[in-house]
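Working notes, beginning with the structure itself.
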Amino acid sequence: MNDKATKQKACREEDCQEQWNAISPDLRQQCDNFVYCPFCSSEMVTRCSVCGETISDADYRFCPWCGADFQG
Ligand SMILES: [Zn+2]
Ligand SMILES: [Zn+2]
């Protein structure tokens, strides 16, 4: 696998996805430091941008679910 991928902080709540999608890319980058969702206060999870699965350890260099490379 050599897909370029990023780790993204995301909220698990489906109700929040619309609001997250409406955020500008610049602001979205800052959100990667968030611990709690600003829309529902749920704890944020780290996700693979390629497969969307939750990543349990933010230090992973490859996605354990799809093999995407986070290092690029
Ligand atoms: Zn939320
Ligand atoms: Zn993945």
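No gaps in the numbering here: position 30 of the sequence shown is 23 in the numbering used here, and each next residue is one more.
All C-beta atoms, glycine included, are put in the ideal place defined by N, C-alpha and C.
Please read all numbers here as calculations on a predicted model, not as lab measurements.
For GLN64, no alpha helix (DSSP H) run applies, since DSSP gives it neither H nor E. For ALA3, the number of other beta carbons within 10 angstroms of its own is at least 16, and it is reported as buried. By DSSP's assignment, TYR29 forms a beta bridge with GLU36. In the assembly as shown, ALA15 is an exposed residue. Its beta-carbon has fewer than 16 other beta-carbons within 10 Å. Beta-bridge annotation (DSSP): CYS41 is paired with LYS0. Contact between ASP25 and GLN10 fails: their C-beta atoms lie close to 16 Å from each other, not under 8 Å. Within the chosen limit of 7 Å, ligand 1 reaches the beta carbon of PHE32 through at least one heavy atom.
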